[in-house]
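Here is the structure we will look at.
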DNA sequence: GCTTGACCCTGACGTTGCGTCAGGCCGCAG
DNA sequence: CTGCGGCCTGACGCAACGTCAGGGTCAAGC
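Residue numbers (our numbering), protein chains in the order written: chain S, 1 to 253; chain Y, 1001 to 1253.
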């Protein structure tokens, strides 16, 4: 009955869960987490029940939910699945956006690596290209009926053998690039390698620009590579060489 | 000399670049983009020069830079490389955070799929596990000297043949799972499959939890898969089955 | 009982990048 | 002259608190 009747004052309570006192004030004001206020002076006091609720709040907040949404969820726990699905979609979109920005930055850095002046037009063009697909999902834009059919074929044709073959091609390309690291990125050899690279990437991505962007973003930050791709982890020198060859190679125009 | 002396009023100017009139007001107030104001009534007028600057602003904004940072960059264009590097790091971190949240959501959804009650403790545990690695990079935490050595060995041992072998294992596993789709996720067969899955993933990720999280996040949202991984694109049924088996399988305890 | 230092309270403003009125001036067509 | 559309300048709102400022409370030591 009287199990752990202990009450905490704000500071200790906050420290215990890992939030700030100010946050508790805030939650109190907006009615998200109401403490008991028995003490005559109006001190906030929190018990086990509030602890539970606060932990739930923290968990949901870590999923990127807004406080208002959290309040809704805690009032109607049945809607949790719905909210999670919605949230997942939202975060996915945000991540796609981030990937685009990262890809743009990577391209921009590669473009101004050679020590040239910034070259606003180039930066602008890069970003525009990449941001283009920002609005409206590319699925409808780039996967017109016939393209969709092509993908279906590609997927149907997928097999372990094909997979192995493609893997081999990547490995070969990596080896070739490594052998050519000293070459001029603008030279014919490097250009040929870049072309092979592009072709392989296109084959993998099915021409899907969003995925290609994702790839670029990953280059820029290999630490965050997701699992299966890690088998393809690219050495920094190779990555740098290809980026240079692709960006500063095809004649300045 | 007098090439395109045309001046635009706010509305047209805004429409031309794709920003709102209010934004232009804002940029004016904070001194980021000052229009000319020749007209007696104090109307804002924008020319070619302002157009260029606004375009630069928009580009930099799309990279996630704050307006104050943009102002800095435009004042000192030499710092652009530095700012880009910093921004890339920041966005990477944000993306990692997003990945963690997505992984947690995916796990949570899988956990409450069976129609059971939410199970706050489970949700909490999931999120805690995943958020644990939030602070301090895992590299130091999980890659102690000996682990680092193991990774070096792994990398040294990497070869096209090994790659092909692993690819084959994945393909086989996918096939086996597909054949077992009708089974009980909590059954021994499903559990064995889940174990194989885990082992393969661990092999790929070198035990790196960050990358495992990334993988989970990708499951939750295959649309955003980056390039080479797309060869491993997982069918939804397979993904769902494994998630179920891994989460609701090992006895409710 | 009194002082002291630690702890608590309630406003209230700052942050970021605008959205959204509200109230009023300007300019051009009929 | 009137009407309508475009422009202007405040000023508040949003999300989730951080950060003072000014002032009350509590427990302990003297």
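For each residue, glycine too, the CB sits at the ideal point set by N, CA and C. Predicted model, so just to flag it, every value in this text is computed and none were measured.
From the beta carbon of residue i, is the nearest beta carbon of chain Y less than 8 angstroms away?
{"i": "residue 179 of chain S", "result": "no"}
{"i": "residue 221 of chain S", "result": "Low confidence applies to residue 221 of chain S: its pLDDT is 45, below 50, so where it sits in the model is not reliable enough to give any reading."}
{"i": "residue 104 of chain S", "result": "yes"}
{"i": "residue 108 of chain S", "result": "yes"}
{"i": "residue 33 of chain S", "result": "no"}
{"i": "residue 190 of chain S", "result": "no"}
{"i": "residue 15 of chain S", "result": "no"}
{"i": "residue 140 of chain S", "result": "Note that residue 140 of chain S has pLDDT 40, beneath the 50 cutoff, so the model's placement of it is unreliable and the number below is only indicative. No, no contact with chain Y."}
What did DSSP end up calling residue i once you bin it into helix, strand or coil?
{"i": "residue 15 of chain S", "result": "helix"}
{"i": "residue 180 of chain S", "result": "coil"}
{"i": "residue 123 of chain S", "result": "helix"}
{"i": "residue 148 of chain S", "result": "Note that residue 148 of chain S scores a pLDDT of 48, beneath 50, so its modelled location is shaky and nothing firm can be said."}
{"i": "residue 1065 of chain Y", "result": "coil"}
{"i": "residue 1078 of chain Y", "result": "helix"}
{"i": "residue 1057 of chain Y", "result": "helix"}
{"i": "residue 213 of chain S", "result": "With a pLDDT of only 48 at residue 213 of chain S, under 50, the local geometry of the prediction cannot be trusted, and the value read off the model is given with reservation. In the structure shown, residue 213 of chain S sits in a helix (DSSP, three-state: H, G or I)."}
{"i": "residue 1105 of chain Y", "result": "helix"}
{"i": "residue 73 of chain S", "result": "helix"}
What are the partner residues of residue i, as DSSP defines its beta bridges?
{"i": "residue 1045 of chain Y", "result": "Y/1009 and Y/1036"}
Verify the CB distance criterion: does residue i have a CB-CB separation below 8 angstroms to chain S?
{"i": "residue 1079 of chain Y", "result": "no"}
{"i": "residue 1020 of chain Y", "result": "no"}
{"i": "residue 1197 of chain Y", "result": "no"}
{"i": "residue 1095 of chain Y", "result": "yes"}
{"i": "residue 1007 of chain Y", "result": "no"}
{"i": "residue 1101 of chain Y", "result": "yes"}
{"i": "residue 1123 of chain Y", "result": "yes"}
{"i": "residue 1098 of chain Y", "result": "yes"}
>> Against chain S, which members of the region 1050 to 1074 of chain Y pass a CB distance test of less than 7 angstroms?
In response: 1055, 1056, 1059, 1062, 1063 and 1064
> Pairing CB atoms from the region 60 to 75 of chain S with CB atoms from the region 27 to 42 of chain S, are three or more of them under 8 angstroms?
Replying inline: yes
> Got a sec: which bits of the region 1081 to 1093 of chain Y sit with their beta carbon under 8 angstroms from any beta carbon on chain S, in order along the chain?
Replying inline: 1081, 1084, 1085, 1087, 1088, 1091 and 1092
> Counting pairs of Cβ atoms below 8 angstroms between the region 38 to 47 of chain S and the region 75 to 84 of chain S, do you hit three or more?
Replying inline: Put simply, the region 38 to 47 of chain S does not touch the region 75 to 84 of chain S. Fewer than three CB pairs are less than 8 angstroms apart.
>> Below 8 angstroms, how does it come out for the region 87 to 95 of chain S and the region 1085 to 1100 of chain Y: are there three or more Cβ pairs, yes or no?
In response: yes
> Counting pairs of beta carbons, one from the region 81 to 89 of chain S and one from the region 1003 to 1018 of chain Y, are three or more of them closer than 8 angstroms?
Replying inline: no
> When the Cβ atoms of the region 1168 to 1177 of chain Y are set against those of the region 1193 to 1200 of chain Y, are three or more pairs found closer than 8 angstroms?
Replying inline: yes
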